[in-house]
Amino acid sequence: VLINTGVSISKSVLGAIPYVGSLLSEIFFDYRGRLKQERINNFIEDVQQYLISQVDEQEIDMDHIRSEQFGDLFESIIYKVSQNSQKDKINRFKLILINQMIAPYQTDYSETFLDIVSKINEKQIEILNIYRKVQEGEIINEDSLMERTLLNADHGIKTSDFRAPQYFNLEKDVYMFYVQDLVSKSLL
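Start counting at 1 in the sequence shown, then tack on 1476, and there's your number in my numbering.
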């Protein structure tokens, strides 16, 4: 009752603003609600289609789906989907949800991971993935080859300089912004 009263009062206050009040009320209360519901509906349909086309029913961990942890994760993902218009992020949320249905990963940091997904873009995820591969030795860092004299001055061994903006098809300023943003989030 209190929430409905608060919404009614808010609609009245917005409606009283000269010239644009009713438009603001429509945008804030009606349109936004329909938009969020549409995002959720589309997300659920995408999950359903993916499961039907890509996953065998026996692969799904039904015990985990019935768990409180999965319910909390599902609720968090639905909320983040409703707040997000970027298709690549919504797709990533879908993959996280489906992965948790098939191969549950128990962690206390699921909310943190979901926040990271919602706060960085696909190019930043690509940058993080390359840095991870370098750290794990899948990609050889050109600087370390030079330091260990495994690479001569004319670059006789072909390697990738993963810190160059061109490696990611980005302009230098955009690349620097992405890297600094990742550093500020303590991800790099």
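Just so it is clear, CB atoms sit at the ideal spot from N, CA and C, and this is done for glycine as well.
Taking residue i and residue j to be in contact with their CB atoms under 8 Å, please state how far apart those CB atoms are, rounded to whole angstroms.
i, j, result
"Val1610", "Ile1578", "At roughly 29 Å, the Cβ-Cβ gap does not stay under 8 Å, so Val1610 and Ile1578 are not in contact."
"Ser1552", "Leu1527", "Contact flag wrong, Cβ pair sits at about 19 Å."
Looking only at its chain, what residues have a beta carbon closer than 8 Å to the beta carbon of residue i, apart from the 5 residues adjacent to it on each side?
i, result
"Pro1641", "Glu1647, Lys1648, Val1650, Tyr1651 and Met1652"
"Asn1628", "Unreliable placement is indicated for Asn1628, whose pLDDT of 48 sits below 50; no coordinate value is reported for it."
"Tyr1581", "Asn1575"
"Arg1624", "In this predicted model, Arg1624 has a pLDDT of only 47, less than 50, meaning its place in the structure is not dependable; the value taken from the coordinates is given anyway. Correct list: empty, nothing qualifies."
"Leu1573", "Val1523, Leu1549, Phe1550 and Ile1553"
"Leu1658", "Ile1596, Gln1600, Ile1603, Leu1604 and Leu1664"
Exposed or buried, which one is residue i when buried takes at least 16 other CB atoms within 10 Å?
i, result
"Ile1603", "buried"
"Leu1511", "exposed"
"Gln1656", "exposed"
"Lys1570", "buried"
"Tyr1507", "exposed"
"Lys1563", "exposed"
"Tyr1585", "exposed"
"Ser1662", "exposed"
"Val1593", "buried"
"Ile1566", "buried"
Under 7 Å Cβ to Cβ from residue i, same chain only, skipping five residues before and after it: list those, please.
i, result
"Glu1544", "none"
"Phe1644", "Lys1599, Glu1602, Ile1603 and Tyr1651"
"Arg1608", "none"
Considering only residues of the same chain and omitting the five flanking positions on each side of residue i, which have a CB-CB separation below 6 Å?
i, result
"Phe1546", "His1540"
"Asp1537", "Pro1580"
"Arg1568", "Val1593"
In the segment 1552 to 1576, which residue ranges form an unbroken alpha helix (DSSP H) of at least 4 residues, counting only runs that do not cross its ends? Here no run is fully enclosed.
Below 8 Å, how does it come out for the segment 1553 to 1561 and the segment 1509 to 1517: are there three or more Cβ pairs, yes or no? yes
For the segment 1578 to 1617, which segments carrying the beta strand (DSSP E) assignment without a break, of at least 3 residues, lie completely within its bounds, in sequence order? none
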